[in-house]
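Asks:
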Amino acid sequence: MQATWHDRRGVAVWDVARPARPGRVPGVDMAGFRDRGASPAGHRVVPHPGVTLVVEFGAGPLLVEHSAGREHRGSLVAGPGFGAGAVRVRGERFEAVQVRLSPPAARAILGASPAESGGAVLALDDLWGREAERVRERLAGAPSWEERFALVEAVLARRGEAAEPVDPEVARAWERILAARGLVRVEDLAAEVGWSRRRLWSRFRSQIGLPPKRAARLVRFDRAAHRLAAGEEAARVAAEGGYSDQSHLHRDVAEFTGATPAAVAGEPFLAVDGIAWSGR
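Per UniProt numbering, the very first residue in the sequence shown carries number 1; after that it's consecutive.
#1: In whole angstroms, give me the CA-to-CA distance for residue 151 and residue 52.
#2: Return the CA-CA distance between residue 76 and residue 205, expressed in angstroms with no decimal places.
#3: Do residue 138 and the ligand HEM come close, with the Cβ less than 7 Å from some heavy atom?
#4: What are the uninterrupted segments assigned as alpha helix (DSSP H) that are 4 or more residues long and contained completely in the UniProt domain "HTH araC/xylS-type" (168 to 267), given in chain order?
#5: Going by CA-CA distance only, name the one from 243, 29, 273 and 193 that's closest to residue 149.
#6: Measure the C-alpha to C-alpha separation of residue 24 and residue 201 and round it to an integer number of angstroms.
#7: Would residue 163 and residue 111 be called neighbours here (beta carbons separated by less than 8 Å)?
#8: Leaving aside the five residues before and after residue 264 along the sequence, list all residues of the same chain whose C-beta is less than 8 Å from its C-beta, in chain order.
#9: What three-state label does DSSP hand residue 57 in the structure shown?
#10: Taking the alpha carbon of residue 217 as the point to measure from, which residue in 174, 198 and 233 has its own alpha carbon closest?
#11: Assuming contact is defined by CB atoms lying nearer than 8 Å, are residue 215 and residue 177 in contact in what I supplied?
#12: Going by alpha carbons, who is nearest to residue 157 out of 99, 121 and 179?
#13: DSSP on residue 318, reduced to helix/strand/coil?
#14: Run through DSSP, which three-state label would residue 272 get?
This is how it looks when you write it as structure tokens:
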């Protein structure tokens, strides 16, 4: 599937492609992006509960800018939350395959724990070495998005088969957090998997990339952000989303994005989800 995403002014911003068939690698979702060059200032990143892998190819660079003044160029990996805070992405007619990995799958596929990034943005070359460049070259030479998706999927499948998976207890705790939409207590998670709270905290953080309580907050925030983007009132989102009040929601949104709920509701990063990520 291919479509063009337009902003609220009707300007074409991105061409977006989706694989024609479901992927065969668990915990992996892919989309292809071609930047139209219509938004040179870029877009705010809205954190989501997954690990982001972006393999860039084509003529223009993909740029990630942090509020502290740091900048990343090119293919990247970002841990859960995508470096929460005031982060922006922009490009100059770049093309890229973006992969969203569930944190349990990411540890095996990337060859490193998401905890090693601390949620920050890392160069893919630092994790994969020369293989990252070989994948980029093959993507640039592929004649269609379907062939690009098949190429990336084959690489991810091979890497996942050769690595050690996360502990079953950690995977179970992660799935429980997702199922509960973040509304779950760490004590209850530990009891469900038969571990102490301290052991769950340690193993979960080392294998998923953030502590279980932070993971639950991120999942809860992700749900709230998409409800705001769908036009629901902040007061209702807060009341039904597990927040003590609207101010509590406001603080969480500010911490994760550096913006207000009203600003986040209009972000293209969320609006494109219905096209790019069919599992939404």
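Ideal placement from N, C-alpha and C gives every residue a C-beta, glycine not left out.
Replies: Taking the definition as stated:
#1: Residue numbering aside, residue 151 sits at position 151 when the sequence shown is read from its first letter. Residue numbering aside, residue 52 sits at position 52 when the sequence shown is read from its first letter. The alpha-carbon atoms of residue 151 and residue 52 are separated by roughly 17 Å.
#2: Locating residue 76 in the sequence shown gives position 76, where the first residue counts as 1. Locating residue 205 in the sequence shown gives position 205, where the first residue counts as 1. About 21 Å.
#3: No copy of the ligand HEM appears in this structure; indeed no ligand is present at all.
#4: 168 to 179, 186 to 193, 197 to 208, 212 to 229, 234 to 240, 246 to 257 and 261 to 265
#5: Here residue 149 corresponds to residue number 149 of the sequence shown, with the count starting at 1. Looking at the Cα atoms, 29 is the closest of the given residues.
#6: In the sequence shown, the residue the question calls residue 24 occupies position 24. In the sequence shown, the residue the question calls residue 201 occupies position 201. Rounded to whole angstroms, residue 24 to residue 201 spans 31 Å at the Cα level.
#7: Here residue 163 refers to the residue found at position 163 when the sequence shown is read from its first residue. Here residue 111 refers to the residue found at position 111 when the sequence shown is read from its first residue. Yes. Within cutoff.
#8: Within the sequence shown, the letter at position 264 stands for residue 264. 44, 46, 225, 228, 229, 253, 257 and 270.
#9: As a position in the sequence shown, residue 57 is number 57, starting the count at 1. It is a strand residue.
#10: Here residue 217 corresponds to residue number 217 of the sequence shown, with the count starting at 1. The residue with the shortest Cα to Cα distance from residue 217 is 174.
#11: Stepping through the sequence shown from its first residue, residue 215 is reached at position 215. Stepping through the sequence shown from its first residue, residue 177 is reached at position 177. Against a cut-off of 8 Å, the Cβ pair of residue 177 and residue 215 comes out as a contact.
#12: Position 157 of the sequence shown, counting from 1, holds the residue named residue 157. The option with the nearest alpha carbon to residue 157 is 99.
#13: As displayed, the chain neither begins before 1 nor continues past 280, which places residue 318 out of reach and without an answer.
#14: What you label residue 272 is simply residue 272 of the sequence shown in a count that begins at 1. Three-state DSSP puts residue 272 in coil, outside helix and strand.
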